[in-house]
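Quick note: the sequence shown, position 7, residue 143 per my numbering, numbers continuous.
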Amino acid sequence: MAKLRKGVCYRRIERPYTRFSKFQKHNFVRARPVSKIVTFVMGDCNKSYDYTLHLCSKTRIQLRDNSIESARQTSNRALEKKLGKGMYHLVTRIYPHHVLRENPLASGAGADRMSTGMARSFGKPIGRAAQVDEGQPLFTLQIKKQHLDAGRAALKRAAYKIPCSTTIQILPFTGKVFKYD
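Now the structure itself:
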């Protein structure tokens with residue numbers, strides 16, 4: 137199994153190759169890897185909450201799906217331990233549409249017979265990423281007033297897993313329940 141490359145290799149925003157069609161000749165990308173994000177909506181969405189917290193990015197960046205999933209897991213686990221399953225509503229607001237590609241170049245003895253170099257260098261799909269703009273919310277948490285500190289701490293734990301600087305915005309609950317957008 138191939139080793140996962142560092143996230144630094146894929147942070148830069150590049151032109152997205154995301155066109156998938158049921159007709160194979162219209163595809164830009166031959167195969168798309170499975171997204172590693174398991175679920176996007178956690179907790180109870182049918183309650184009324186007091187505050188809405190957004191974890192927002194400060195920079196334009198490309199986030200791989202495994203960093204989004206690890207941030208989701210750590211924040212959800214912290215909220216479940218402190219509050220229980222039905223006392224919050226956490227939504228992952230970004231989706232990894234962009235397909236990451238790699239053109240593997242062989243090195244060593246006999247590599248000149250296997251490798252094509254930079255001719256036809258479109259690359260094979262190796263993963264997925266979400267392209268995030270400056271100020272875009274990554275996660276949204278809806279919570280009661282007495283649990284505000286636990287919610288802020290959970291989003292802070294999620295921010296440690298994301299490779300960019302983030303801010304936490306605290307807004308009063310407007311009645312809009314975030315399902316997924």
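Where a beta carbon is used, it is the ideal one built from N, C-alpha and C, also for glycine.
Short of 7 Å in beta carbon distance, which residues of its chain neighbour residue i, apart from the five on each side in sequence? Order them along the chain.
| i | result |
| --- | --- |
| SER171 | ASP201, PRO232, ARG264 |
| THR228 | ILE173, PHE176, ILE204, ARG208, PHE275 |
| ASP269 | ARG196 |
Below 8 Å on the Cβ atoms is my contact criterion, and I expect residue i with residue j to pass it. Report the Cβ-Cβ distance as a whole number of Å.
| i | j | result |
| --- | --- | --- |
| CYS192 | GLN282 | Not really, about 24 Å apart at Cβ, beyond 8 Å. |
| SER211 | ALA294 | 4 Å |
Out of the options, which one is the CA nearest neighbour of residue i?
| i | options | result |
| --- | --- | --- |
| TYR146 | ASP269, GLU238, LEU274 | GLU238 |
| SER157 | ALA167, ARG148, ILE149 | ALA167 |
| ILE279 | ALA266, LEU241, GLU216, ILE262 | GLU216 |
| LEU284 | ILE149, SER206, LEU219, LEU236 | LEU219 |
| LEU140 | PRO261, PHE159, THR303, GLU150 | PRO261 |
| LEU226 | ARG148, ILE298, PRO273, HIS234 | PRO273 |
| LYS312 | ASN182, ILE149, LYS142, ARG151 | ASN182 |
| ILE298 | HIS162, SER206, ARG213, LYS161 | SER206 |
| GLY143 | LEU236, LYS161, LYS292 | LEU236 |
| ALA290 | GLN198, MET254, GLY253, ARG213 | ARG213 |
| GLN198 | ASN163, GLN160, GLU150 | GLU150 |
| ILE230 | ASN163, GLN267, GLY253 | GLN267 |
At what residues does the beta strand (DSSP E) containing residue i begin and finish?
| i | result |
| --- | --- |
| LYS260 | 260 to 268 |
| ARG200 | 197 to 200 |
| GLY179 | 177 to 179 |
| TYR231 | From DSSP, TYR231 is part of no beta strand (DSSP E); its letter is neither H nor E. |
From the DSSP secondary-structure annotation, give me the bridge partner or partners of residue i.
| i | result |
| --- | --- |
| CYS192 | PRO273, THR303 |
| PRO308 | TYR187 |
| ARG237 | PRO261 |
| ILE279 | TYR187, TYR224 |
Identify, in the order they occur along the chain, each residue of the same chain with its Cβ nearer than 8 Å to the Cβ of residue i, setting aside the five sequence neighbours on each side.
| i | result |
| --- | --- |
| LYS318 | A question about residue 318 goes unanswered here, because the residues of the chain that appear run from 137 up to 317. |
| GLY287 | TYR187, LEU189, LEU215, TYR224, LEU277, ILE279 |
| PHE309 | SER184, TYR185, ASP186, TYR187, THR188, GLN278 |
| LYS194 | GLU270, GLY271, CYS300, SER301, THR302, THR303 |
| ALA307 | Correcting the residue type first, residue 307 is Leu in the shown sequence and not Ala. So the qualifying residues of the chain are TYR187, THR188, LEU189, HIS190. |
Looking only at its own chain, which residues have a Cβ that is under 6 Å from the Cβ of residue i, when we skip the five neighbours before and after it?
| i | result |
| --- | --- |
| PHE258 | none |
| ASP317 | In this predicted model, ASP317 has a pLDDT of only 45, less than 50, meaning its place in the structure is not dependable enough to derive any value. |
| PRO152 | HIS234 |
Over the uninterrupted alpha helix (DSSP H) stretch that includes residue i, give me the two end residues.
| i | result |
| --- | --- |
| ARG288 | 284 to 296 |
Please confirm if residue i has its CB atom under 8 Å from at least one CB of chain B.
| i | result |
| --- | --- |
| TYR185 | Included in the structure is just one protein chain, with no chain B present. |
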